[in-house]
Amino acid sequence: MPRSVLVVDDEPHIRRVLRGYLEADGYDVIEAATGSQALTLVQSRCPDLVLLDIRLPDLDGLEVLRSIRGFSDVYVVLVTARAEEVDKLVGLAGGADDYITKPFAPREVAARVRAVLRRARGAPDAPSRVSASGLTVDPDTREVTVDGTPVKLSALEFDLLLAMARSPGRVYSRRQLLEKVWGGDFFGDERVVDVHIRSIRRAIGDDAADPRFIGTVRGVGYKFVATAGADR
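At position 116 of the sequence shown the residue is numbered 99 (our numbering), and the sequence of numbers has no breaks.
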């Protein structure tokens, strides 16, 4: 079955161009012109990824993103004409996996889609579950618990936490995490990693000043500081 991409944009010619490029890459493309249509299609069609324009005629794209995160961990890539960094950070903190700024090259959009969906493949020989100091990350069920309490993470946040938890003590630079989790053809600001790390820490109750799980290595990046064990 081909993977499906929901393109949400109120401009028909943009949807048409993106459909052409994505279908050429083998994706099944679904279209929505409004936020309301997008929410309905995410629930009924369960796409693998949503390309979500922020400026929609009925609902703000960030509001649509928040609604999606209430019932789905589908990958979401924001498409925005707003160049301000704050808008990008707000979107990512709300659960987006990546962002693209208009005007964009359709080939770049297709590359971003490939990079994000590549993360879902996972590593076939990796441990099925990682546990460390009360934190459990299970890639089979894509569930995270802290001291037995379930924790809700976005799809990308889960992948990022799992990548670090599988290599406790290893220091990852932002670029290394981007290559490992986002994919080698990532385009964009490396600070996107910082936004997701803050979101993960908030969700798992970790303190950057006194970390239980994720430590900051100043000037370099991040590392998983708890001692992990793996169950196959």
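We put the CB at the ideal spot given by N, CA and C, even for glycine.
Below 8 Å on the Cβ atoms is my guess for residue i versus residue j; work out the distance and round it to an integer in Å.
i       : j       : result
Val(-9) : Val33   : 6 Å
Val175  : Leu48   : So it is not a contact: roughly 15 Å between Cβ atoms.
Val120  : Leu144  : 6 Å
Gly77   : Leu45   : 6 Å
Leu61   : Asp(-7) : No, Leu61 and Asp(-7) are not in contact; Cβ-Cβ is about 15 Å, not under 8 Å.
Pro30   : Ile13   : 6 Å
Tyr10   : Arg90   : Contact flag wrong, Cβ pair sits at about 14 Å.
Ser137  : Arg52   : 7 Å
Met147  : Tyr205  : 7 Å
Using only the alpha-carbon positions, how far apart do residue i and residue j sit?
i       : j       : result
Gly117  : Leu24   : 37 Å
Ala115  : Thr199  : 18 Å
Pro(-5) : Gly18   : 15 Å
Glu140  : Arg(-2) : 28 Å
Arg95   : Arg157  : 18 Å
Tyr155  : Pro122  : 20 Å
Arg153  : Arg201  : 14 Å
Phe196  : Val129  : 11 Å
Arg97   : Ile83   : 14 Å
Just to confirm my understanding: we take residue i, look at its own chain, exclude 5 residues before and 5 after, and list those with CB closer than 8 Å. What are they?
i      : result
Arg101 : Gly166
Ser27  : none
Glu6   : Val12
Taking Cβ to Cβ, would you say residue i is nearer than 9 Å to residue j?
i      : j      : result
Val203 : Pro194 : no
Val99  : Arg149 : no
Asp81  : Thr63  : no
Asp142 : Val164 : yes
Leu22  : Ser50  : yes
According to DSSP, which residues form a beta bridge with residue i?
i      : result
Ser156 : Gly204
Pro133 : Thr128
Val33  : Leu(-11), Val59
Gly198 : Lys206
Val12  : Val(-12)
Tyr82  : Leu61
Val120 : Val113, Val127
Can you list, in chain order, the residues of its chain with a C-beta nearer than 6 Å to that of residue i? Leave out the 5 residues immediately preceding and following it.
i      : result
Val134 : Val127, Ala186, Ile187
Val0   : Pro89
Arg2   : Val12
Just to confirm my understanding: we take residue i, look at its own chain, exclude 5 residues before and 5 after, and list those with CB closer than 7 Å. What are they?
i      : result
Pro151 : Ala115, Phe207, Ala209, Thr210, Ala211
Phe87  : none
Ala191 : Arg184, Thr199
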